[in-house]
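*Asks:*
There are 2 protein chains.
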Amino acid sequence: MNIAKTMEEMGQTARASARILATTDDHAKSTAIRSAAQTIIKRTDQILIANRQDLDEAEKANLSPAMLDRLKLSPALINGIAAGLDTIAELPNPVGQVISTSKRPNGLRIDRVRTPLGVIGVIYESRPNVTADAGALCLKSGNAVILRGGSDSYHSAKAIHECLLEGLRSANLPPASIQLVPTTDRAAVGELLKGLSGNLDVVVPRGGKGLVSRIQKESRVPVFAHLDGICHLYIDQDASLEMAIEIVLNSKMRRPGICGAAETLLIDTAWPAQHVRAIVQSLQQAGCEVRADALIQKNVEGCLPASESDWNTEYLDSIISVKLINGVGEAIEHINQYSSHHTESIITNNDETASRFLNQIDSAILMHNASTQFADGGEFGMGAEIGIATGKMHARGPVGVEQLTCFNYRVYGSGQIRPS
Amino acid sequence: MNIAKTMEEMGQTARASARILATTDDHAKSTAIRSAAQTIIKRTDQILIANRQDLDEAEKANLSPAMLDRLKLSPALINGIAAGLDTIAELPNPVGQVISTSKRPNGLRIDRVRTPLGVIGVIYESRPNVTADAGALCLKSGNAVILRGGSDSYHSAKAIHECLLEGLRSANLPPASIQLVPTTDRAAVGELLKGLSGNLDVVVPRGGKGLVSRIQKESRVPVFAHLDGICHLYIDQDASLEMAIEIVLNSKMRRPGICGAAETLLIDTAWPAQHVRAIVQSLQQAGCEVRADALIQKNVEGCLPASESDWNTEYLDSIISVKLINGVGEAIEHINQYSSHHTESIITNNDETASRFLNQIDSAILMHNASTQFADGGEFGMGAEIGIATGKMHARGPVGVEQLTCFNYRVYGSGQIRPS
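Sequence order for the protein chains is B and H. When you line the first sequence up against the working numbering, it's residues 1 to 420, in that order. When you line the second sequence up against the working numbering, it's residues 1 to 420, in that order.
Laid out in structure tokens, this is it:
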């Protein structure tokens, strides 16, 4: 296979499909997605057989148990994938929404209208469900998509992709609306990152830090992604112990491996020492390793020492770094220095302090008295998301169907000309 | 001067200033801008002397009359620069605006709030007024800015920049909020495009195609810009001759050298031949060179032949290419193929045809029965703009204070934790 030529052609057919999808009505898009969901349920056995092939190869290649776990499908998980598609089908159609309208003194009406981005490239690793989610989210938002799954999940992705194609067929939409790169050769990723001669508008990487970092470095098309989720919690002097314990435990331990999990806990020195002890002990009792500064180590048994590198680390595990800090000002400074600009939360009963925290930190999501694990498109009411972005351009925070659109201006006149 | 080191330090002080500006109230920002305007008026003579220095050097260097014209200031133009600053000072403060708010079933309130982008780099050529406009727009939107003027206008830019610094001083804002690169060495541009170690968030080039194209190719930071303004007019079969003549003449001839000037006129073959003749003749009488397809050449005297390259050319001059085309479908195809995605306008009394045109063309600005020369931030009610963007990411169309911001999510809870 000539990979450069294959990818170039995929870009061209994707662009042609995107032109059609941009003006496709919502009914056709939703029909395609629902029909894909039904096909996925119908073909559960076939998808499981394909997944078994991937698992066999993965075991031979000695993949880690965590990777195998991410890869493995079950009838329940396949039902979940189909249900996810139905949720996306029911979302409001973002395309054509009038974001704002204004009337100029000369009678011109200027509307700002949501339009699709065009062609989206999604590059992902071993999670086979991304094939369905990303395909449906891009379609719902009127975009064509080129999916590039990991070699580990190639057979599973292919089986799911065939269901998506069946959905497109049933709604008479062009099959190139959702394409799967037909090779696991890494050169295909390189071609995507070069932009397919202008036929690719944005790249969304889904996977580990290695993948995201490579794509951010090499891509010549805009990237919607986050590299790290070094999320912070700050317990202010005006926090109640009870709420603090609940939020800290949930932020770290509900699922320690997601990007919205807290990695560093900052505590105001003015908070009572026995509260600090209670928080740290409750983390330890929940099975969390605590790496703390010298003062806390003295105060509570069983803490490991935190070093400079701990403030820069996304553990994605049952480990947390803890530090005493002089008030909200120092907390803001620490976070602006070490944060990956994903999500930070303050626990306090003082609204003024909270307002300072929310105003002065430059992160995508800032919270007051809530768990950082709420950083998620579903929890934000977006229905589903293709990922979370920490860049400042275009999409920030959870990337749902609305964030997969841009806009244009539509100016309605009655013969207006501009005076010289 | 060690340019890499100088630029690196400018990035650091800009970032520190940006942190302060992000929470500076509007009164202080507007005071600084108004006081800069007053200083500019007061120092008219000094600015003219600095401008004379630039003009003398430009004459010695044999700059083109067009370039000299762009460079040359007068007391009236200086008054205009000051008035422009006052307009920017009076704009609504975009920072802190709540774009949307929603309440989740669990009681969480999620606000989306406008925040500054951070540090903006503006790279421009010989227009000295950009120093004032860009400085004030970035400040009003809460951003720090690093200005890099052309070597041709260095003394003028420096004199105007000193007035901006005076404004910052009078409002007690950090002087590094608006910095001017203190060298005309091109290496400084290279350093900006590398991103100043993460201390530069976006680059805005203002100048000719050579400059913009170089920056789009080399920049490792996002760029807000348009390379070309190949704007189209389409006269539909349902257009009235009178309106068509007015809009065509204004779109091309009001100011042929601006990016919103029309470059190609497409005419429906179903429009009467005598109307086509009338339009072409009125362009010729207004002093416009008409390059037309074979049919029009036969129909009207004095047309030059249009070749393939004409459909790709931004003349920025009193020249227009004209082509007969089979209805709106072909017009849409032609425009999607040749347009630079800046501005296109349809002239028709048929709303359905207009709606097809506005829905199916992928450009930043689409117009119905209005002159393409309205493509301008002022005309859009933005007060002022730093440029026009044709990319799909973030800012599209005129880039005013609102487009110089991004947003974050602010989540207000009362102790919510996420169920597992």
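Beta carbons: idealized from backbone N, C-alpha and C, even for Gly. Quick caveat, the model's predicted, so the values are computed rather than measured.
#1: Please work out which residues of its chain come closer than 8 Å, Cβ to Cβ, to L68/B, disregarding the five sequence neighbours upstream and downstream, and give them in chain order.
#2: Need the endpoints of the alpha helix (DSSP H) that L324/B sits in, please.
#3: What does DSSP give as the partner residues of E289/H in its beta bridges?
#4: Which chain H residues sit within Cβ distance under 7 Å of M367/B?
#5: Counting Cβ pairs closer than 8 Å, one from the segment 236-244 of chain H and one from the segment 274-294 of chain H, do we hit at least three?
#6: Just how far apart, CA to CA, sit Q12/H and I215/H?
#7: Could you round the C-beta distance between L164/B and A36/B to whole angstroms and report it? I think they count as a contact, below 8 Å.
#8: Please return the same chain residues whose Cβ sits closer than 6 Å to the Cβ of M367/B, not counting the five positions on each side in sequence.
#9: With H, G and I counted as helix, E and B as strand and the rest as coil, what does DSSP make of V221/H?
#10: Would you tell me roughly how many angstroms separate the C-alpha atoms of P175/B and T183/B, rounded to the nearest one?
#11: Looking at the secondary structure, which residues open and close the alpha helix (DSSP H) in which Q46/H lies?
#12: Along chain B, which residues have their Cβ under 8 Å away from the Cβ of S420/H?
#13: Are the Cβ atoms of P222/H and V204/H separated by less than 7 Å?
#14: Quick check for students: name the residue ranges of the alpha helix (DSSP H) that lie wholly in the segment 216-286 of chain B, counting only runs of 4 or more.
#15: Ignore the nearest five residues each way along the sequence and tell me which others in S420/B's own chain have a CB closer than 7 Å to its CB.
#16: P364/B touches chain H at which residues, Cβ-Cβ below 8 Å?
#17: In chain order, what residues of the same chain have a beta carbon less than 7 Å from the beta carbon of R220/H, not counting five sequence neighbours either side?
#18: Please compile the residues from chain H whose C-beta is within a distance smaller than 7 Å of the C-beta of H394/B.
#19: Who are the neighbours of G397/B on chain H, taking C-beta pairs under 8 Å?
#20: Can you tell me which of G413/B, I347/B and C288/B puts its alpha carbon nearest to the alpha carbon of L358/H?
#21: May I ask which residues mark the beginning and end of the beta strand (DSSP E) holding N369/B?
#22: Name the two residues that bound the continuous beta strand (DSSP E) containing V189/B.
#23: Given this structure, state the Cα-to-Cα distance separating E218/B from D45/H, to the nearest angstrom.
#24: Applying the criterion that 16 or more other CB atoms from any shown protein chain within 10 Å of the CB defines a buried residue, is L85/H buried or exposed?
#25: Pick out whichever of E314/B, N106/B, K103/B and V181/B has its Cα sitting closest to the Cα of E9/B.
#26: Where does R19/B land, buried or exposed, given buried means 16+ other C-beta within 10 angstroms?
#27: How many Å lie between I41/H and A395/B at the Cα?
#28: With burial defined as no fewer than 16 other Cβ atoms inside 10 Å of the residue's Cβ, what is the status of P65/B: buried or exposed?
#29: Go through its chain and collect everything with a Cβ distance to A380/H's Cβ below 7 Å, but skip five positions before and after it.
#30: Buried or exposed, going by whether 16 or more other CB atoms sit within 10 Å of the CB of R148/H?
#31: Spell out whether any CB of chain B is found under 7 Å from the CB atom of M67/H.
#32: Are the C-beta atoms of F380/B and some chain H residue less than 7 Å apart?
#33: Counting only Cβ pairs nearer than 7 Å, list the residues of chain C close to I417/B.
#34: With distances taken from CA atoms, which of K298/H, R255/H, A273/H and A4/H is nearest I320/H?
#35: Counting pairs of Cβ atoms below 8 Å between the segment 74-84 of chain H and the segment 322-338 of chain B, do you hit three or more?
#36: Q403/B versus chain H: which residues are under 9 Å apart at the beta carbon?
*Replies:* The answer reads as follows:
#1: L55, A58 and E59
#2: First-last for L324/B: I319 to I325, but that is the beta strand (DSSP E), not the alpha helix (DSSP H).
#3: I319/H
#4: V411 and G413
#5: yes
#6: Approximately 22 Å between the Cα atoms of the pair.
#7: Between L164/B and A36/B, the beta carbon gap of about 5 Å places them in contact (Cβ cut-off 8 Å).
#8: S345
#9: Looking at V221/H - three-state DSSP - the assignment turns out to be coil, as it is neither helix nor strand.
#10: Using only the alpha carbons, I get a separation of about 18 Å.
#11: T44 to K60
#12: Simply R254 and R255.
#13: No.
#14: Every alpha helix (DSSP H) of 4 residues or more that sits fully in the segment 216-286 of chain B is shown, in chain order, as 241-253 and 273-285.
#15: none
#16: Before going on, a small fix: residue 364/B reads as Ala here, not Pro. By Cβ distance, chain H contributes N408 and Y409.
#17: L193, K194 and G195
#18: M393 and H394
#19: What G397/B touches in chain H, judged by beta-carbon distance under 8 Å, is N408 and Y409, going in chain order.
#20: G413/B
#21: Per DSSP, N369/B belongs to the beta strand (DSSP E) from I365 to A370.
#22: Unbroken run through V189/B is the alpha helix (DSSP H), A187 to K194; no beta strand (DSSP E).
#23: 50 Å
#24: Classification for L85/H: buried.
#25: V181/B
#26: buried
#27: Their backbone Cα atoms lie some 41 Å apart in a straight line.
#28: exposed
#29: The sequence shown places Phe at residue 380/H, rather than the Ala named in the question. Excluding positions up to five away in sequence, the list reads P398.
#30: buried
#31: no
#32: It does; some Cβ of chain H falls within 7 Å.
#33: Reference to chain C is not applicable here, since the protein chains of this structure are B and H.
#34: R255/H
#35: Between the segment 74-84 of chain H and the segment 322-338 of chain B there are fewer than three C-beta pairs closer than 8 Å, too few to call the two in contact.
#36: From the beta-carbon of Q403/B, no residue of chain H is found nearer than 9 Å; the closest lies around 11 Å away.
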